[in-house]
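Residue numbers (the working numbering): 13 to 307.
Glycine included, C-beta positions come from ideal geometry on N, C-alpha and C.
Quantities reported herein were computed from a predicted structural model and do not represent experimental measurements.
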DNA sequence: GTGGGATGGGCAA
DNA sequence: TGCCCCTCCCACA
């Protein structure tokens, strides 16, 4: 499930298994054979995540840049690696454990310059302690593009994907079609803080959960399947807050999910955001208009 | 068994 | 905007 939380979690786990010693590197599938041959036996110094990008720093100023894309997947374990399952692009094993990578969009050797170019392309990452949201907030406040597009744009904010986009906007009761510049600074800052909190939670759990316990049918114990989201993948089901039917639409070439009532307006923050939203009479959803098309 | 969709993104047009 | 990449998994037969 490659959104930012997946990548940071992978970095943390693999750091524990592999960083700080010489490693064996190979490419059972063969498509990274050249890079693997160059790196095999070198020391793996560090593993760092930025948004959805991962960098493996090897001795000798060489990095491996990995981006999982939609299909990419890591497997990890302690001890000796098992026989590869499926097409394994890169396999790294060390004294303590191993990891395999399959189906990535990117798995490339890069030098320091190329690494910097990649990092310069992406916006601040809410999961990084050194992240500074000011530029992202300013950019959103200047933009006529819908906030549902801006949140997915990795140049604006790095690490948010289609699940977090939908869930963040629902939690903030903001219409995905609201232009960035229609939002108040405080609203955008609140989105950033909520993103950081949800991403951290996802990084720790290894799973995205955005519903508050009180909004789940079973508030206690483990979060059950089907209760972890407010709107994502819930087309046709009742909104957990107001009971309206969740809708889907296409935005930024991806499927967007939203509640047409709770998220009916761009809306400045007000008491209705916190309290009276259930009392409001259902309005016509003001989405669409060129950017969102009902489906 | 099989086909479609999926948490992304780069690229051509 | 739409296509491609390229892998896994689930719903459906």
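Taking Cβ to Cβ, would you say residue i is nearer than 8 Å to residue j?
| i | j | result |
| --- | --- | --- |
| residue 116 | residue 204 | no |
| residue 54 | residue 72 | yes |
| residue 258 | residue 267 | no |
| residue 166 | residue 63 | yes |
| residue 149 | residue 200 | yes |
| residue 140 | residue 274 | no |
| residue 109 | residue 81 | no |
Can you give me the C-alpha to C-alpha distance between residue i and residue j, rounded to a whole angstrom?
| i | j | result |
| --- | --- | --- |
| residue 183 | residue 196 | 16 Å |
| residue 152 | residue 168 | 8 Å |
| residue 113 | residue 254 | 42 Å |
| residue 93 | residue 193 | 51 Å |
| residue 58 | residue 271 | 42 Å |
| residue 173 | residue 161 | 11 Å |
| residue 25 | residue 18 | 11 Å |
| residue 6 | residue 50 | Residue 6 lies beyond the stretch modelled for the chain, which goes from 13 to 307, so this question has no answer here. |
| residue 15 | residue 155 | 24 Å |
| residue 23 | residue 265 | 28 Å |
| residue 124 | residue 157 | 33 Å |
| residue 79 | residue 86 | 11 Å |
| residue 146 | residue 131 | 17 Å |
| residue 210 | residue 144 | 17 Å |
| residue 303 | residue 233 | In this prediction, residue 303 scores a pLDDT of 37, lower than 50, which makes its location untrustworthy; no coordinate-derived value is stated. |
| residue 227 | residue 252 | 6 Å |
| residue 175 | residue 27 | 26 Å |
| residue 241 | residue 263 | 19 Å |
For residue i, which option in the options has the closest C-alpha, if you only look at C-alpha atoms?
| i | options | result |
| --- | --- | --- |
| residue 129 | 93, 241, 252 and 65 | 65 |
| residue 237 | 88, 219 and 110 | 219 |
| residue 276 | 256, 79 and 111 | 256 |
| residue 180 | 14, 131 and 202 | 202 |
| residue 42 | 89, 159, 119 and 136 | 119 |
| residue 188 | 96, 261, 143 and 221 | 261 |
| residue 190 | 163, 250, 125 and 210 | 163 |
| residue 142 | 227, 221 and 208 | 208 |
| residue 89 | 96, 77, 111 and 95 | 111 |
To which residues of the same chain is residue i closer than 7 Å at the C-beta, ignoring the five residues directly before and after it?
| i | result |
| --- | --- |
| residue 75 | 67, 68, 69, 122 and 127 |
| residue 225 | 231 |
| residue 1 | An answer regarding residue 1 cannot be provided, because it is not within the stretch 13 to 307 covered by the chain. |
| residue 20 | 61, 139 and 215 |
| residue 212 | 139 |
To which residues of the same chain is residue i closer than 8 Å at the C-beta, ignoring the five residues directly before and after it?
| i | result |
| --- | --- |
| residue 106 | 29, 30, 33, 34, 35, 36 and 56 |
| residue 39 | 45, 47, 48, 100, 101, 102 and 103 |
| residue 250 | 256, 257 and 258 |
Suppose the cutoff is 6 Å on Cβ atoms and the five residues either side in sequence are ignored; what does the same chain contact list for residue i look like?
| i | result |
| --- | --- |
| residue 98 | 114 |
| residue 235 | 221 |
| residue 170 | 63, 134, 135 and 137 |
(request) Return the chain-ordered ranges of every beta strand (DSSP E) run that is complete within the segment 184-233 and spans a minimum of 3 residues. (result) none
(request) Please go through the segment 82-135 and give each complete beta strand (DSSP E) segment of 3 or more residues, from N-terminal end onward. (result) Entirely contained in the segment 82-135, the beta strand (DSSP E) runs reaching 3 residues are, in chain order, 85-90, 102-105, 109-114 and 118-122.
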